[in-house]
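The block underneath contains the structure these notes are about, expressed in structure tokens.
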Amino acid sequence: MQKHLPPVLLRAHDHKGASFVEIIQNCIVYNDGVFDYFTDRAVAADNQILVEHGKPLIFGHDRDKGLRIDPSTLDLEVVVVGENGVAASDILVHDETNRTLAGLLARMEPPAFPKALGVIYCDPEPTYDTELYARVHAARAGDSRTRFNERLRKGHTWTV
């Protein structure tokens, strides 16, 4: 799990806007072993899923488990590729710009689901302040008196 943290921190640092990174760390005083259900090496492969943009949501010791949408509930379900007619093409592909998928991944609770690790959601849109500064800069470009007169005479006007 530790090898996945530096790339996530770099993505959070480079992201324009707010970033939230959950760091899962054992505390021997207050919560010793609380994360063992998915960090213990014996069970980690079956209880955590590394989400990467554009890659299938596959996990498990043999990389044979995956996530797909259950058509009857429209919720995530864990399936085993090759069982009950489940093909590799049925497995969801992670899209970090999909807010709905991010919500589903964030709500996965053990023991029914693995813990999602990686960049779950990244909003590709520019931030509010970036757009605001761009508009202010565009508004300040050129002669303000000329622009003001043009705006006064734009559209339906009449002479009194």
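The sequence shown runs 19 to 178 under my numbering.
Heads up, the beta-carbon is just placed ideally off N, CA and C, and yes, glycines get one too.
Since the structure is predicted, the reported quantities are computational estimates derived from the model, not experimental observations.
The region 54-68 / the region 119-138 touching (three or more Cβ pairs under 8 Å): Because the criterion of three Cβ pairs below 8 Å is met, the region 54-68 and the region 119-138 touch.
Burial state of R66, where buried means 16 or more other Cβ atoms lie within 10 Å: A small fix is needed here, since residue 66 is Gln in this sequence, not Arg. Label assigned to Q66: buried.
Cα-Cα separation between Y146 and A120, rounded to whole angstroms: Going by the C-alpha atoms only, they are around 21 Å apart.
Where the alpha helix (DSSP H) containing A156 begins and where it ends: Note, A156: alpha helix (DSSP H), 146-158.
Three-way DSSP call (helix, strand, coil) for Q66 in this model: DSSP places Q66 in strand when its eight states are reduced to three.
G78 vs I109 beta-carbon contact at 8 Å: Contact: no.
V111 in three-state terms, based on DSSP: The answer is strand: DSSP assigns V111 an E or B state.
Among I41, H174, L123, the one whose alpha carbon lies nearest that of H112: Ranking the options by Cα distance to H112, first place goes to L123.
Ranges of the beta strand (DSSP E) found wholly within the region 27-87, counting only runs of at least 3: Counting whole runs of 3 or more residues, the region 27-87 contains the beta strand (DSSP E) stretches 66-69.
C-alpha gap between A36 and I42, whole angstroms: If you draw a straight line from the Cα of A36 to the Cα of I42, it is about 20 Å long.
Coarse secondary structure for L170, derived from DSSP in three states: When secondary structure is reduced to three states using DSSP, L170 falls in the helix class.
N-terminal and C-terminal residue of the beta strand (DSSP E) that G136 is part of: Counting along the chain, the beta strand (DSSP E) containing G136 begins and ends at 133-136.
Contact set for E70: own chain, Cβ-Cβ below 7 Å, skip 5 residues either direction: H112, G136, listed in sequence order.
From R117, H33, I76, residue whose alpha carbon lies closest to that of T148: Out of R117, H33, I76, H33 has the C-alpha closest to the C-alpha of T148.
Residues of its chain near P128, where Cβ-Cβ distance is below 6 Å and the 5 sequence neighbours each way are ignored: Spatial neighbours of P128 in its own chain (CB-CB distance under 6 Å, excluding positions within 5 residues in sequence) are listed in chain order as Y55.
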